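Q:
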Amino acid sequence: MSAASPLPVLVVSCSLNASSRSHRLACAARTALRALDVDAELIDLREWELPFCDGGGSYEHPSVAPLAGRIERAAAVLVAAPVYNYDLNAAAKNLVELTGSAWSEKPVGFLCTAGARSSYMSPIGLANSLMFDFRSLIIPRFVYAVKDDFEADGEPAEPLRARVEQLARTAVALARALARLQASNGTESEAKTGPD
Ligand SMILES: Cc1cc2nc3c(=O)[nH]c(=O)nc-3n(C[C@H](O)[C@H](O)[C@H](O)COP(=O)(O)O)c2cc1C
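Quick note: the sequence shown, position 52, residue 101 per the working numbering, numbers continuous.
1. Using 8 Å as the threshold, is the C-beta distance between E90 and R119 below it?
2. Give the C-beta separation of R73 and E207 to the nearest angstrom, bearing in mind that I take them to be a contact with Cβ-Cβ under 8 Å.
3. Output the boundary residues of the alpha helix (DSSP H) element that contains V195.
4. Count the C-beta pairs between the segment 137 to 150 and the segment 220 to 229 that are closer than 8 Å, then say yes if the count reaches three, no if not.
5. To the nearest angstrom, how far is it from the Cα of C76 to the Cα of A129?
6. Could you tell me whether the segment 177 to 195 touches the segment 157 to 168, where touching means 3 or more Cβ pairs closer than 8 Å?
7. So what's S62 in DSSP terms, helix, strand or just coil?
8. Between which two residues does the beta strand (DSSP E) holding G158 run?
9. So for V87, helix, strand or coil by DSSP?
10. Give the DSSP-derived three-state secondary structure of F183 in the structure shown.
11. In angstroms, rounded to a whole number, what distance separates the CA positions of N234 and E154?
12. Please report the straight-line C-alpha distance between F101 and S62, rounded to a whole angstrom.
13. Have a look at R210, A222, L56 and S71 and flag the residue whose alpha-carbon is nearest the alpha-carbon of R122.
14. Around the C-beta of S167, are 16 or more other C-beta atoms found within 10 angstroms, so that it is buried, or is it exposed?
15. By Cβ distance below 7 Å, which residues in the same chain neighbour A53 in space, the five residues on each side in sequence not counted?
16. Could you give the first and the last residue of the continuous alpha helix (DSSP H) run that contains L94?
17. Look at the alpha carbon of S171 and the alpha carbon of M180, and state the distance between them as a whole number of angstroms.
18. Terminal residues of the continuous alpha helix (DSSP H) containing L99?
19. Let's see if you can read the secondary structure: which residues bound the beta strand (DSSP E) around L230?
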């Protein structure tokens, strides 16, 4: 990817709930990215049949390679997910388990919805695992929202919408900076498949 080419940025919507609020955040993030002239794609996990990762045959499932390919090609990934049990939901973690090194050394940001504001630290587990396993560059300021942050029609209200736009701008700025760095080094980044 050259610094001048349109940046592919991926938004992954991880809630499997039919009336998901984090999916609304994912859609708002895609809109914000497109407003920045970015090639933004949204993957909605509700539309993908995926096995639980078993560390073996599950990697051969026909959904895994296309998903891993989209993550790999992305210059940055925004993960939209619900908070379940003070963590991101299992579907988000399962996607990371299935696609592993596709996340290597790229900016990753989070958009989370929760029942209460007190679960604010919940994305830290997945963020840490992405950092340690794949050297993902975690965007430290993430979006966290509860029901009151949405309009009655389910759309994100202000200032939530502004926070989504800020995350989109940060992801694009980081992805562009990384692309420039790689171009000036004349190398692609070292992809790692697991911890040293
Ligand atoms: C199994 C389960 C566990 C949950 N655990 C938490 C939690 O630990 N903290 C919290 O604030 N909300 C929790 N919630 C509430 C969800 O985070 C909230 O409903 C959120 O809007 C779901 O996101 P979604 O609408 O995108 O599916 C939980 C919900 C479920 C179904």
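For glycine and all other residues, C-beta sits at the position ideal for the given N, C-alpha and C.
Note that the structure is a prediction, hence the values are computed from the model and not measured.
A: According to the data block:
1. By 1-based counting over the sequence shown, the position of residue 90 is 41. By 1-based counting over the sequence shown, the position of residue 119 is 70. The answer is yes: Cβ separation under 8 Å.
2. The residue you call residue 73 lines up with position 24 of the sequence shown. The residue you call residue 207 lines up with position 158 of the sequence shown. That belief does not hold up - the Cβ atoms of R73 and E207 are roughly 14 Å apart, past 8 Å.
3. For this step, residue 195 is matched to residue 146 along the sequence shown. Unbroken run through V195: none, as it is neither H nor E.
4. As far as the Cβ criterion goes, the segment 137 to 150 does not touch the segment 220 to 229, which means the pair count is below three.
5. Reading the sequence shown from its first residue, position 27 is the one you call residue 76. Reading the sequence shown from its first residue, position 80 is the one you call residue 129. Answer to the nearest angstrom: the Cα atoms are 9 Å apart.
6. yes
7. Within the sequence shown, numbered from 1, the residue matching residue 62 stands at position 13. Strand, per DSSP.
8. In the sequence shown, counting from the first residue as 1, residue 158 sits at position 109. That run of the beta strand (DSSP E) goes P156 to T162.
9. As a working note, residue 87 is residue 38 in the sequence shown. Reduced to three states, the DSSP call for V87 is coil.
10. The residue you call residue 183 lines up with position 134 of the sequence shown. Helix, per DSSP.
11. For the purposes of this step, residue 234 is identified with residue 185 of the sequence shown, where counting begins at 1. For the purposes of this step, residue 154 is identified with residue 105 of the sequence shown, where counting begins at 1. Rounded to whole angstroms, N234 to E154 spans 15 Å at the Cα level.
12. Counted from its first residue, the sequence shown places residue 101 at position 52. Counted from its first residue, the sequence shown places residue 62 at position 13. Distance between the alpha carbons of F101 and S62 is about 17 Å.
13. Residue mapping note: residue 122 aligns to position 73 of the sequence shown, counting from 1. The residue with the shortest Cα to Cα distance from R122 is L56.
14. Mapped onto the sequence shown, residue 167 falls at position 118. It counts as exposed.
15. The sequence position of residue 53 within the sequence shown is 4, counting from 1. Per-residue confidence for A53 stands at a pLDDT of 48, beneath the threshold of 50, marking its modelled position as unreliable; the derived number appears in the next sentence. If we look at A53 and ignore the five residues flanking it on each side, it has no Cβ neighbours.
16. As a first step, residue 94 must be located in the sequence shown, where it is residue number 45. No alpha helix (DSSP H) contains L94, which DSSP labels as neither H nor E.
17. Numbered from 1 along the sequence shown, position 122 holds the residue referred to as residue 171. Numbered from 1 along the sequence shown, position 131 holds the residue referred to as residue 180. Using only the alpha carbons, I get a separation of about 15 Å.
18. Here residue 99 refers to the residue found at position 50 when the sequence shown is read from its first residue. Run containing L99: none; DSSP gives neither H nor E here.
19. Working through the sequence shown from its first residue, we reach residue 230 at position 181. First-last for L230: L209 to N234, but that is the alpha helix (DSSP H), not the beta strand (DSSP E).
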